[in-house]
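S.K.:
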Amino acid sequence: MNKLSAIAISAILLSGLSATHAAAAETSNESERVIISFNEEIDYKLLEEMGAEIHEEFDSISAVSVTLPEEGMIQSASNESSIEYIEENSEVRAAAQTTTWGYRAIKANTASKLGYTGKGVKIAIIDSGINAKHPDLKVAGGISKVENSRHDTDSNGHGTHVAGVIGALNNSIGTVGVAPDAKLYSVKVLSANGVGTLEGVVAGIQWAIDQKVDIINMSLTTINDDKVLRDITKKAYDAGIVVVAASGNERRTGVFNDVLFPARFPSVIAVGSVSKLNQLSYFSNYGASQELVAPGEDILSSFVDAKTTTQEDYAVSEGTSVAAPFAAGTFAQYMEAYPHLTNKQLRETVKRSATDLGVKGRDNTFGNGLVQSLQTKAALYPDMKLNAWYTAPIKSIFDRGLTNGFPDGTYRPNDTITRAEAVTMLGRALKLDKSNKNHRFTDVPKDSYAAGYINSAYERGYIKGVSAKSFRPNDPIKRGDMALIIQKAFKLSGTQQTGFKDVPKSMYYYDAIQAAYSNNVVKGYKDNTFRPKNPITRAENAEIMSNALK
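Okay, so the sequence shown: first residue is 2 according to my numbering, each after it adds one.
(1) Nearest by alpha-carbon distance to Gly178: which of Ser113, Asp232, Thr198, Arg363 is it?
(2) Apart from the five residues on each side of it in sequence, which residues of its chain come closer than 6 Å, Cβ to Cβ, to Thr404?
(3) Which residues in the same chain have their Cβ closer than 7 Å to the Cβ of Val35, if we skip the five residues on either side of it in sequence?
(4) Taking the DSSP output, what are the residues bridged to Tyr339?
(5) Contact check, Lys235 vs Gly201 under 8 Å by CB: the rounded distance?
(6) Would you call the CB atoms of Thr161 and Asn132 closer than 9 Å?
(7) Would you identify the three-state DSSP class for Ala513, choosing helix, strand or coil?
(8) Between the Cα of Gly158 and those of Ser285, Ser374, Asp444, Gln312, spot the shortest distance and give me the residue it belongs to.
(9) Inspect the CB distances between the segment 219-231 and the segment 171-185 and report whether three or more fall short of 8 Å.
(10) Which term fits Ala458, buried or exposed, when burial requires 16 or more other beta carbons within 10 angstroms of its beta carbon?
(11) Going by beta-carbon coordinates alone, are Gln373 and Ala355 separated by less than 9 Å?
(12) State the Cα-Cα distance for the pair Met219 and Ala264, rounded to the nearest angstrom.
(13) What's the C-alpha gap between Arg539 and Met426?
(14) Distance, Cα to Cα, Ile107 vs Val214?
(15) Does the Cβ of Asp137 have 16 or more other Cβ atoms within 10 Å, making it buried, or fewer, making it exposed?
(16) Does the structure place the segment 203-212 close enough to the segment 164-177 that three or more beta carbon pairs sit under 8 Å?
(17) Would you call Val275 buried or exposed, if buried means 16 or more other Cβ atoms sit within 10 Å of its Cβ?
(18) Could you compute how far the alpha carbon of Ile514 sits from the alpha carbon of Ser449?
(19) Mapping DSSP to helix, strand and coil, what is Asp528?
(20) Quick one: what's Lys211 bridged to in DSSP?
(21) Helix, strand or coil for Phe399, going by three-state DSSP, please let me know.
(22) May I ask whether a heavy atom of the ligand GTP can be found less than 8 Å away from the beta carbon of Leu371?
(23) Do you know how far the Cα of Arg252 is from the Cα of Tyr283?
(24) With a Cβ-Cβ cutoff of 9 Å, do Ala324 and Leu375 count as a contact?
(25) Excluding the 5 residues preceding and the 5 following Gly288 in the sequence, name in chain order all residues of the same chain whose CB lies nearer than 6 Å to its CB.
(26) Relative to the C-alpha of Leu550, which residue among Asn456, Ala430, Pro533, Phe442 is closest?
(27) Are the CB atoms of Pro326 and Ile126 nearer to each other than 9 Å?
(28) Need the endpoints of the alpha helix (DSSP H) that Gln280 sits in, please.
(29) Consult DSSP for Ser66 and reduce its assignment to one of helix, strand or coil.
(30) Consult DSSP for Glu88 and reduce its assignment to one of helix, strand or coil.
(31) Need the endpoints of the beta strand (DSSP E) that Glu57 sits in, please.
(32) Quick one, are the C-beta atoms of Gln98 and Ala169 less than 9 Å apart?
Below you can see the structure in the form of structure tokens.
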């Protein structure tokens, strides 16, 4: 059976751990520096006889900090009647968490200040498990596909490290994750040696689909283009899940001209690694499938150390395994900010917001660039400004189901709206028959999203063509024509006469503009014009539709 190996798990993480242990050993070999507490007053004569070098005096507690000249003197000194106790000068650490350079590089600190922490977003980490006893992590649930092993344990440390990058809690210890309020699910598919089976990974993804998670992170690779893995990742993507995977660490071998699988699948977001200098990491794969890059070198995160009992373990690691969870956590922020966007729209949004690296535009080295967290408070759509004049009207028609935005997750408020789009919104608002097949206009494709609405609106007398057989569905609709359609559709009437200097009584849309204006459906401009021949923007159309539906 094919095997999937986690990317640079053992060698990288264990090397980081070894460095930590070496530092601790060096500290323990320092001179005999201790704190001596006396029963009454500090016995300076005894200290002189011992040859102690005094560093600090603590008169209020009759104690001193000293270095004893010879090893073994602590035991003999503790027998002195004037000494109450002797303590080692043990190490203390600040009870405060730190942020990694990667956290700052993607500007997750700004998103956190704005309140975007992945709250409520469900993330399945398909890996070696997560140590649920780690005080900096909270595991919402999970499953193990490794025999005789629990999902909430991690004998390797890789999954726990990945989990910390995504969701280390915002508390007073360790580090903080990109999405500390996300719900982490441990899907254990890799054993203690960082190896798993194709069957296990597929079963893990299936479990994630069944649990309706929002994001899947896979910091693992295989060289095989397994059809079953391709199919299950597509199934997850089609179910609305954002699927993120590591690109792989084989760059130095020169064997591969693209990222590895499953990152190479179209349904998966391939994430490569960059250094602090925004250079592609010496180990990171790249190629045509590279979609994003993220920090992947010298990243501190939660870990597992079997020798400790507190479970408060951390280690420094590197690899695209570390870069992928930075991207997954960022997607959780965007998902919290824009809960109505589909996974496809979120994918385009995150790509669009990435910092371009290398040659201008998308390239095979950095993909769309360095992933970036949210930097401003979110409006309804990423390309809208919060509290702009159009915010409430667009929100109103969105809530009524009249618009879903574009496939790339934008609304484009300042773009003009086409005749087909305007009639479609009207048709949705008035619940016209979208399946109407009584086709009138030859230039409206029968399979067009707007065809049924155009047919129904014509039959009801709301619209006319530009000729007997032509509607010009892709032309921008003009302000005067829109007022005429609204007047007919909503049966508006009014006697209030406006003085728009560019709307003469002789024009076909004069009465319609007067009626729409007197019913507070349309507005003019400050210079007392209506500009009836101007194309209407998507924002203006939203305001008109919102006003008409009140």
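By construction, the Cβ of each residue, glycine as well, lies at the ideal position given by its N, Cα and C atoms.
M.R.: Reading it off the structure:
(1) By one-based count along the sequence shown, residue 178 stands at place 177. Here the closest residue by C-alpha is Ser113.
(2) Taking the sequence shown and counting its residues from 1, the one referred to as residue 404 is at position 403. For Thr404, where only same-chain residues beyond five positions count, the Cβ hits under 6 Å are Ile398.
(3) For the purposes of this step, residue 35 is identified with residue 34 of the sequence shown, where counting begins at 1. Contacts found: Val67, Leu69, Ile75, Ile87, Glu88, Glu89, Asn90.
(4) Within the sequence shown, residue 339 is the residue found at index 338, counting from 1. In the DSSP output, where bridge partners are listed per residue, Tyr339 has none listed.
(5) On the sequence shown, position 234 is the one that residue 235 refers to. On the sequence shown, position 200 is the one that residue 201 refers to. With 8 Å as the limit, Lys235 and Gly201 do not qualify as a contact, their Cβ atoms being about 19 Å apart.
(6) To locate residue 161, count along the sequence shown from 1; it is residue 160. To locate residue 132, count along the sequence shown from 1; it is residue 131. If you check the CB distance, Thr161 and Asn132 come in under 9 Å.
(7) By 1-based counting over the sequence shown, the position of residue 513 is 512. For Ala513, the three-state secondary structure derived from DSSP is helix.
(8) Position 157 of the sequence shown holds residue 158. The shortest Cα separation from Gly158 among Ser285, Ser374, Asp444, Gln312 belongs to Gln312.
(9) At 8 Å Cβ cutoff, the stretches do not touch.
(10) Taking the first residue of the sequence shown as position 1, residue 458 is located at position 457. Residue burial is scored here from C-beta neighbours: Ala458 has at least 16 other C-beta atoms within 10 angstroms and is therefore classed as buried.
(11) To locate residue 373, count along the sequence shown from 1; it is residue 372. To locate residue 355, count along the sequence shown from 1; it is residue 354. In terms of Cβ geometry, Gln373 and Ala355 form a close pair [threshold 9 Å].
(12) The sequence position of residue 219 within the sequence shown is 218, counting from 1. The sequence position of residue 264 within the sequence shown is 263, counting from 1. Distance between Met219 and Ala264, taken at the CA atoms: about 9 Å.
(13) Reading the sequence shown from its first residue, position 538 is the one you call residue 539. Reading the sequence shown from its first residue, position 425 is the one you call residue 426. Each residue's Cα considered, the two are about 11 Å apart.
(14) By one-based count along the sequence shown, residue 107 stands at place 106. By one-based count along the sequence shown, residue 214 stands at place 213. Between Ile107 and Val214, the C-alpha separation is close to 24 Å.
(15) The count along the sequence shown starts at 1 and reaches residue 137 at position 136. That one is buried.
(16) Segments in contact, no.
(17) Your numbering for residue 275 matches position 274 in the sequence shown. By the neighbour-count rule (16 or more Cβ atoms within 10 Å), Val275 is buried.
(18) As a first step, residue 514 is located in the sequence shown; it is residue number 513 there, counting from the start. As a first step, residue 449 is located in the sequence shown; it is residue number 448 there, counting from the start. Rounded to the nearest angstrom, the gap between the Cα atoms of Ile514 and Ser449 is 30 Å.
(19) The sequence position of residue 528 within the sequence shown is 527, counting from 1. DSSP places Asp528 in the coil class of the three-state scheme, outside both helix and strand.
(20) Taking the first residue of the sequence shown as position 1, residue 211 is located at position 210. Correcting the residue identity first, residue 211 is Asp in this sequence and not Lys. When beta bridges are read from the DSSP output, Asp211 appears opposite no residue.
(21) Numbered from 1 along the sequence shown, position 398 holds the residue referred to as residue 399. It is helical.
(22) Of ligands this structure carries none, so the ligand GTP is not represented either.
(23) Taking the sequence shown and counting its residues from 1, one reaches residue 283 at position 282. Taking the sequence shown and counting its residues from 1, one reaches residue 252 at position 251. Distance between the alpha carbons of Tyr283 and Arg252: 7 Å.
(24) In the sequence shown, the residue the question calls residue 324 occupies position 323. In the sequence shown, the residue the question calls residue 375 occupies position 374. No, the Cβ-Cβ distance between Ala324 and Leu375 is not below 9 Å.
(25) In the sequence shown, the residue the question calls residue 288 occupies position 287. Close CB contacts of Gly288 within its chain, under the 6 Å cut and outside five residues either way in sequence, are with Asn258, Asp259, Val260, Asn365 (chain order).
(26) Here residue 550 corresponds to residue number 549 of the sequence shown, with the count starting at 1. Minimum Cα distance to Leu550 is reached at Ala430.
(27) The residue given as residue 326 occupies position 325 in the sequence shown. The residue given as residue 126 occupies position 125 in the sequence shown. Ile126 sits close to Pro326, with the two beta carbons spaced by under 9 Å.
(28) As a working mapping, residue 280 is identified with position 279 in the sequence shown. First-last for Gln280: undefined, no H or E at that position.
(29) The residue you call residue 66 lines up with position 65 of the sequence shown. Strand at Ser66.
(30) Within the sequence shown, the letter at position 87 stands for residue 88. Of the three classes helix, strand and coil, the one that applies to Glu88 here is strand, per DSSP.
(31) On the sequence shown, position 56 is the one that residue 57 refers to. Glu57: member of the beta strand (DSSP E) spanning 54-59, first to last residue.
(32) Position 97 of the sequence shown, counted from the start, is the residue given in the question as residue 98. Position 168 of the sequence shown, counted from the start, is the residue given in the question as residue 169. Their beta carbons are under 9 Å apart, which means Gln98 touches Ala169 by this criterion.
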